[in-house]
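A.B. asks:
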Amino acid sequence: MRRSYLKIVCILLFFNFILFGCKGKTSKKELLQSLKNSKNIKVKDVFLEEWKKELTQAPYLLNIAKVVNPFKKPEKFLLQNNRGIPLKLVGIVKKGSKYYALMEDQQNTGYMVKENEKIGNVKILKIGKNYVIILQKFKTVYGTIKYVKRTLSLSEE
2 MRRSYLKIVC ILLFFNFILF GCKGKTSKKE LLQSLKNSKN IKVKDVFLEE
52 WKKELTQAPY LLNIAKVVNP FKKPEKFLLQ NNRGIPLKLV GIVKKGSKYY
102 ALMEDQQNTG YMVKENEKIG NVKILKIGKN YVIILQKFKT VYGTIKYVKR
152 TLSLSEE
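All letters in the sequence shown, in the order written, are residues 2 to 158 by the numbering used here.
#1: Do you know offhand how far VAL123's Cα is from GLY97's?
#2: Measure how close the beta-carbons of LYS115 and TYR101 come, nearest whole angstrom, since I'm counting them as under 8 Å.
#3: LYS89 and MET104 look like a contact to me (Cβ under 8 Å); what is the Cβ gap, rounded to whole Å?
#4: Taking its Cβ as the centre, do 16 or more other Cβ atoms sit within 10 Å of ILE12, making it buried, or is it exposed?
#5: What is the DSSP secondary structure of GLU116, reduced to helix, strand or coil?
#6: Assuming SER156 contacts TYR132 under a Cβ cut-off of 8 Å, what Cβ separation, rounded to an integer in Å, is found between them?
#7: Which term fits GLN108, buried or exposed, when burial requires 16 or more other beta carbons within 10 angstroms of its beta carbon?
#8: Assuming the contact rule is C-beta atoms closer than 8 Å, ILE125 and LYS150 should be a hit. Round their C-beta distance to whole Å, please.
#9: Can you tell me the Cα-Cα spacing of SER111 and TYR143, whole angstroms?
#10: Spatial neighbours of TYR148 within its chain, please: CB distance less than 6 Å, with the 5 preceding and 5 following residues excluded, ordered by chain position.
#11: Nearest to GLY129 by CA position, among LEU56, VAL47 and THR152, is which residue?
#12: What are the boundary residues of the alpha helix (DSSP H) that VAL47 is part of?
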């Protein structure tokens, strides 16, 4: 009894699919006619154009000097010297239109510096009314040289 119902339901679904599933589709004649009309349409291959541009440019160059050797053993160094700020801003003096910074290193040695001067591995980039911008140079674990730009603010005590 169940099998006969199941067969009838399957047959009805099949006929519904045939009758209503193909509705709205174009026939072969209409499809061929649209293909004949579409011969005037030009297709532009965007990716091909991009590749043509890439092929005309200079080849990719690899700067061997900047490549880090992953097999090189890391150098031993102190994290404090490379990561910490080696100088402390103590004061700022204005003489005329120029600013001079009073800096102190970790050994409590004082320096009076102006812009574009170097103290060890630190270059003074700009001195403002209450700040100094420095560029610190240090070696990474793999021996490459990195530059870090930092701003030292004058703290009120």
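All C-beta atoms in this analysis are idealised placements derived from N, C-alpha and C, irrespective of residue type, glycine included.
C.D. replies: So, from the data block:
#1: If you take the alpha carbons of VAL123 and GLY97, they lie about 25 Å apart.
#2: 5 Å
#3: 7 Å
#4: exposed
#5: coil
#6: Going by Cβ atoms, the distance from SER156 to TYR132 rounds to 11 Å, so no, they are not a contact pair.
#7: exposed
#8: Not confirmed; about 12 Å, so no contact.
#9: First, the residue type needs correcting, since residue 111 is Gly and not Ser in the sequence shown. Distance between the alpha carbons of GLY111 and TYR143 is about 32 Å.
#10: Apart from sequence neighbours up to five positions away, the residues of its chain that approach TYR148 with a beta-carbon distance below 6 Å are LEU136 and LYS138, ordered along the chain.
#11: When only C-alpha atoms are compared, the closest one is THR152.
#12: 47 to 57
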